[in-house]
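Residue numbers (this note's numbering): 264 to 540.
Here it is in structure tokens:
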């Protein structure tokens with residue numbers, strides 16, 4: 264029987280660690296409004312800039328406002344092998360290792376178990392086409408994804424099984440370096456925290472598969488699949504204390520501020536033009 268402090272046996276008992284999720288940057292298909300699934304478009308120019316800014320953020324986690332991650336490089340960067348995630352992960356790994364002595368023991372793992380949810384016949388198609396051709400099925404997917412999904416696509420239980428297997432491997436690796444239970448095991452943020460030297464891992468993945476992973480870590484039913492969205496190059500942090508997981512932060516995107524500033528500057532310049540000049 265699974266321990267009450269370990270969601271269905273997924274999290275090792277007594278584990279103190281952190282799992283960080285980073286969604287990839289914008290791909291060319293996202294920019295075009297296409298369903299992606301396990302299709303393999305590259306990052307768009309905007310997505311590449313997003314990934315570069317995320318990489319800087321992980322290379323300088325203590326810069327204000329500080330990221331809520333331990334004060335050491337991650338044990339591993341585990342990523343989906345698709346181009347949009349692999350490129351994002353490589354940029355982050357290179358940025359971390361650019362600091363003297365940082366990331367020396369960090370491993371980078373391409374893990375197919377973190378591929379995005381397979382969307383079958385929907386992959387590569389415009390959202391507008393899917394809404395026209397599969398309106399009823401798409402509505403069912405959005406209403407109850409446990410009973411409806413893309414033709415030829417993956418079911419959520421199948422995705423859940425592969426994601427849990429990958430998480431279990433990562434959590435076991437973290438447990439081998441964990442300092443054990445905190446001296447004061449409060450589950451209230453700011454109380455009974457560990458030293459900040461506990462191990463952590465970074466997963467670079469996709470919106471759909473991250474929804475499944477987060478529910479698994481927090482022991483929330485798959486029926487809540489649509490509960491939390493994951494922003495492009497947004498950072499989410501799950502802290503595990505004494506074997507219990509809690510969502511510390513979700514969709515941190517402050518590092519993308521320079522892109523928003525540039526967009527506003529371009530918009531202001533456009534508005535200031537006279538006529539068609």
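No residue lacks a Cβ here, since even glycine has one placed at the ideal position from N, Cα and C.
Keep in mind the model is a prediction, meaning the values are calculated, not measured.
- Shown here, residue 282 sits in a strand according to DSSP, grouped into three states.
- DSSP places residue 464 inside the beta strand (DSSP E), whose first and last residues are 463–468.
- In this structure residue 361 is exposed. Its beta-carbon is surrounded by fewer than 16 other beta-carbon atoms within 10 angstroms.
- The Cβ atoms of residue 313 and residue 440 lie no closer than 8 Å to each other.
- Nearest neighbour of residue 331 by Cα position, chosen from 490, 353, 526 and 280, turns out to be 280.
- A check of alpha carbon separations from residue 356 across 369, 347, 499 and 293 identifies 369 as the nearest.
- In the DSSP annotation of this structure, residue 498 is not part of any alpha helix (DSSP H); the continuous beta strand (DSSP E) holding it starts and ends at 498–504.
- Between residue 436 and residue 284, the beta carbon gap of about 16 Å keeps them out of contact (Cβ cut-off 8 Å).
- By the C-beta density criterion, residue 492 is exposed, having fewer than 16 other C-beta atoms within 10 angstroms.
- In this structure, residue 381 sits away from residue 299, with a CB-CB distance that is not shorter than 8 Å.
- Taking the CA atoms as reference points, residue 345 sits about 21 Å from residue 431.
- The continuous beta strand (DSSP E) containing residue 372 extends over residues 370–373.
- Here residue 308 is exposed, its C-beta having fewer than 16 other C-beta atoms within 10 Å.
- Of the candidates 319, 351 and 373, the residue whose Cα lies closest to the Cα of residue 305 is 351.
- Straight across, the Cα-Cα distance linking residue 486 with residue 340 is about 28 Å.
- Bridge partners of residue 290 according to DSSP: 306.
- Per the C-alpha coordinates, the member of 315, 411 and 272 positioned closest to residue 358 is 315.
- Taking 8 Å as the cut-off, the Cβ atoms of residue 438 and residue 333 do not count as close.
- One Cα belongs to residue 499, the other to residue 471, and the distance between them is close to 14 Å.
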